[in-house]
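Encoded as structure tokens, the structure appears first; notes follow it.
There are 2 protein chains.
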Amino acid sequence: MLISSSTYQRDNLCSVVVDYIKELILSGTYRAGDHVLESEVALKLGISRAPVREGLKELEKEGIVTVLPRKGTFITKFTLEDMKEVFDIRLLLEDNILEILINENKMMEEDFDTLEKIVNDMVKIANSKEENMNKAIMINMKDMEFHKFIWQKSGSRRRVELLSGIFFQLRMAMLYDTNRTGDLFATATDHYAIIKYLRNKDIDKCKRALREHISFYKEGMSQK
Amino acid sequence: MLISSSTYQRDNLCSVVVDYIKELILSGTYRAGDHVLESEVALKLGISRAPVREGLKELEKEGIVTVLPRKGTFITKFTLEDMKEVFDIRLLLEDNILEILINENKMMEEDFDTLEKIVNDMVKIANSKEENMNKAIMINMKDMEFHKFIWQKSGSRRRVELLSGIFFQLRMAMLYDTNRTGDLFATATDHYAIIKYLRNKDIDKCKRALREHISFYKEGMSQK
DNA sequence: TACTTGTAGATTGTCGACAATTAATTGCCA
DNA sequence: TGGCAATTAATTGTCGACAATCTACAAGTA
């Protein structure tokens with residue numbers, strides 16, 4: 151089970167709903183176009199419909215679900231066009247963050263250590279004897295960790311927020327592509343290049359490394 | 151009164167709340183840091199608290215209000231740092247849109263006509279004998295119209311959404327700057343340069359014109 | 001006076017129920 | 001049998017009420 155069994159306990163139930171539905175999407179229980187029944191979620195979580203509706207509203211604003219008034223809430227369907235749009239916006243924002251990091255000297259030596267540690271973990275996972283599907287999931291988590299760390303180093307809360315939403319949408323779209331567990335090792339080691347050029351303050355090569363790294367999203371899309 | 155007295159009637163009451171609070175912000179009734187009482191809004195609009203909460207959630211996601219759990223909802227306070235961040239993200243996205251328009255030949259001759267008509271209106275307003283405050287408000291509306299038209303021509307729904315939110319935040323921040331009604335004529339004619347370079351497909355000059363045009367946001371910020 | 005503690009008021013978070021609307025089913029008729 | 005109309009069921013939108021929590025004020029003590 152993917153759901154972090156530990157604590158689903160927060161300030162308000164709304165965030166519980168958000169996490170719950172996100173987990174159900176990533177675990178494949180909810181698929182694109184599925185109808186999310188408010189009462190069903192409420193019953194499942196043992197709460198009333200009010201916080202469920204709030205959670206759905208939040209997910210709507212993140213583009214994860216689509217609300218059709220008086221019809222219902224549905225898991226967002228991404229067309230190829232949509233994915234290209236999301237992909238390009240991510241690239242635009244993350245390129246911009248790389249510029250900030252380099253131009254404003256935001257990265258310290260210890261930060262590179264942190265990044266390298268994350269990538270080392272990724273490589274270890276890629277080489278492990280785990281089942282391929284599990285490896286892909288675990289590496290995806292580390293990938294998220296890697297990029298989020300970089301985003302946060304920019305010090306721009308808004309950019310982090312935007313990119314977090316975008317990242318999830320990309321993950322969603324990739325779920326329906328079974329051929330996405332291929333070159334896990336390459337995906338992992340890709341990150342070393344980003345670290346290297348970031349350290350050398352070589353903006354152009356750094357951007358190119360990023361572009362090559364995340365381009366499998368785009369390739370995956372065009373396969374469909 | 152700014153509130154469009156006509157129709158506050160939509161699919162659901164939630165959007166009524168959103169519009170209502172946005173109007174109250176732009177009209178200066180709500181100021182940065184103000185506490186937005188759910189029950190007060192509900193009473194004022196003659197509805198219950200449920201749709202009010204939904205509306206507030208939407209505004210929170212747009213960065214317009216800030217929700218402190220179990221404390222309340224407050225009109226977002228923008229620091230100088232915040233504004234710089236918002237400003238830079240707008241520039242990044244709108245630059246990107248200009249590139250799309252030029253590279254992908256998205257602008258037709260009739261589109262330029264539309265833009266010129268909008269700017270003509272702006273100049274007319276700037277030269278009118280209206281009170282300065284009203285002129286500023288009217289020109290701001292036309293400015294929004296101008297840029298939104300350009301955004302939409304990119305065909306990227308997500309970029310339009312992001313920029314719309316950002317635009318409102320910039321307007322909010324400017325409200326507290328009384329010295330913002332100075333060179334209305336220059337602000338209006340600025341747009342002709344953008345049209346000109348967009349027509350000539352001169353990306354660099356177009357970007358520069360945009361930057362110069364919207365830089366008064368930034369200058370305004372540093373005045374404080 | 002300054003500080004802590006306890007209480008009262010106000011506000012948010014959650015709930016269950018009802019109204020309005022949509023979708024599905026059934027029954028009727030050609 | 002096929003298509004249309006009326007009824008039924010299911011789902012969302014909204015409401016008022018209650019519970020949990022926070023804030024402000026007041027009383028009491030050192």
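Chains as they are written, first to last, in the numbering used here: chain B, 151 to 374; chain C, 151 to 374.
All C-beta atoms in this analysis are idealised placements derived from N, C-alpha and C, irrespective of residue type, glycine included.
Fair warning: this is a prediction, and the values are worked out from it, not measured in the lab.
Of the residues assessed, residue 218(C) falls on the exposed side of the cut-off, its CB having fewer than 16 other CB atoms within 10 angstroms. If you look at residue 223(B), you'll find it in the beta strand (DSSP E) that goes 222-225. Secondary-structure assignment with DSSP links residue 243(C) through no beta bridge to anything. The three-state secondary structure of residue 218(B), taken from DSSP, is strand. For residue 242(B), the chain C residues whose Cβ falls inside 8 Å of its Cβ are 242, 243 and 246, in order along the chain. Closer than 7 Å at the C-beta level to chain C, one finds these residues of the stretch 205-217 of chain B: 207, 208 and 211. Sequence-ordered contacts of the stretch 278-290 of chain C with chain B are nonexistent [C-beta pairs closer than 9 Å]. With 16 or more other Cβ atoms inside 10 Å of its own Cβ, residue 213(B) counts as buried. At a cut-off of 8 Å, the C-beta of residue 236(C) has a neighbouring C-beta in chain B. The beta carbon of residue 258(B) sits closer than 7 Å to none of the beta carbons in its chain outside the five residues before and after it.
For residue 164(B), the closest of 175(B), 236(B) and 196(B) by C-alpha to C-alpha distance is 196(B). Taking the CA atoms as reference points, residue 274(B) sits about 18 Å from residue 262(B).
By a beta-carbon distance limit of 8 Å, residue 224(C) contacts residue 215(C). Their separation comes to about 6 Å. Neighbours of residue 239(C) across chain B, judged by C-beta separation under 9 Å: 243, 246, 306, 308, 309 and 312. A direct Cα-to-Cα measurement between residue 282(C) and residue 317(C) gives close to 21 Å.
Approximately 6 Å separates the beta-carbon atoms of residue 357(B) and residue 248(B); this is inside 8 Å, confirming the contact.
In chain order, 285 place their CB closer than 8 Å to the CB of residue 278(B), counting only its own chain and leaving out the 5 sequence neighbours on each side. Of the residues 349(C), 180(C) and 312(C), the one whose Cα lies closest to the Cα of residue 265(C) is 349(C). Runs of the alpha helix (DSSP H) spanning 4 or more residues and lying entirely within the stretch 256-281 of chain B occur at 259-277, in chain order. Setting aside the 5 residues that flank it on each side, residue 183(B) is surrounded in the same chain by 224, 225 and 227, each with a C-beta closer than 7 Å to its C-beta; the list follows chain order. Here residue 251(B) is near residue 303(B), since their CB atoms are less than 8 Å apart. Using a Cβ-Cβ cut-off of 8 Å, residue 203(B) counts as an interface residue toward chain C, since at least one Cβ of chain C sits closer than that to its own. By DSSP's assignment, residue 186(C) forms a beta bridge with 223(C).
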